[in-house]
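Final position of the sequence shown in the UniProt record's numbering is 199; the numbers increase by one with none missing. Backbone N, C-alpha and C fix where the C-beta goes; we use that ideal spot for every residue, glycine too.
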Amino acid sequence: MPKGQPSVVPDDGLTTRQRRNRPLVVVHTGVGKGKSTAAFGLALRAWNQGWPIGVFQFVKSAKWKVGEENALRVLGASGEGGTVDWHKMGEGWSWVQRDAQMDNEEKAREGWEQVKRDLAAETYRLYVLDEFAYPMHWGWIDTDEVVSVLRERPGTQHVVITGRNAPGALVEFADLVTDMSKVKHPMDAGQKGQRGIEW
Numbered sequence: 001m002p003k004g005q006p007s008v009v010p011d012d013g014l015t016t017r018q019r020r021n022r023p024l025v026v027v028h029t030g031v032g033k034g035k036s037t038a039a040f041g042l043a044l045r046a047w048n049q050g051w052p053i054g055v056f057q058f059v060k061s062a063k064w065k066v067g068e069e070n071a072l073r074v075l076g077a078s079g080e081g082g083t084v085d086w087h088k089m090g091e092g093w094s095w096v097q098r099d100a101q102m103d104n105e106e107k108a109r110e111g112w113e114q115v116k117r118d119l120a121a122e123t124y125r126l127y128v129l130d131e132f133a134y135p136m137h138w139g140w141i142d143t144d145e146v147v148s149v150l151r152e153r154p155g156t157q158h159v160v161i162t163g164r165n166a167p168g169a170l171v172e173f174a175d176l177v178t179d180m181s182k183v184k185h186p187m188d189a190g191q192k193g194q195r196g197i198e199w
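Pasting the structure below:
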């Protein structure tokens, strides 16, 4: 397997090992399909390494059957790799679209407060903040606060944030940013989502 070689070696005083093992903030944004799927792919790698994983879904409904959720819950309970905790709408803090917007904002902020508590306690090694770009884009959660909390997080906690319209300050701060662009999509031709592809 080829080893990745960085094109630049910064003069930051860190050893190669220290630089390699720095905790990352990863952002998957853009209008294309696959942002959450890519984040769950990282969660699979983290599970394989034995890392505790926390998934926080900020937008998808509690009734939404996410295929990755079932797979990761089964893997997390298997005792083979890391543990997996899945926090989603309808389980104490996330919002549902039929609620009033004020309720939605409040619950999104409650979710962010839980993430902050877990970061401070170093509860997980990998955090998947699924669709978290939306509450920031809508102004429900302050992007500068998010960046500050992530900058100051202790230990070796990796954080992956997904969602369209990731704010510029978050994109600039993040270590790895992927913009998913759409070239073609079956919905453009009138085809609805299907089992095994969308869920």
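Within a 10 Å sphere around the beta-carbon of residue 68 sit 16 or more other beta-carbons, which makes this residue buried. Excluding the 5 residues flanking it on each side, residue 196 has same chain C-beta neighbours closer than 8 Å at 67, in chain order. The beta-carbon separation of residue 166 and residue 37, rounded to 16 Å, does not stay under the 8 Å limit for a contact. Between residue 183 and residue 177, the gap from beta carbon to beta carbon reaches 7 Å or more. Here DSSP, grouped into helix, strand and coil, assigns residue 74 to helix. For residue 57, the three-state secondary structure derived from DSSP is strand. In the structure shown, residue 51 falls within a coil segment according to DSSP collapsed to helix, strand and coil. A distance below 7 Å separates the beta carbons of residue 58 and residue 132.
Assignment of residue 86 by DSSP, reduced to helix, strand and coil, places it in the strand class. By the Cβ neighbour-count rule, residue 135 is buried, with 16 or more other Cβ atoms within 10 Å of its own. In the DSSP assignment, the residues bridged to residue 127 are 54, 159. DSSP, reduced to helix, strand and coil, places residue 137 within a helical segment of the structure shown.
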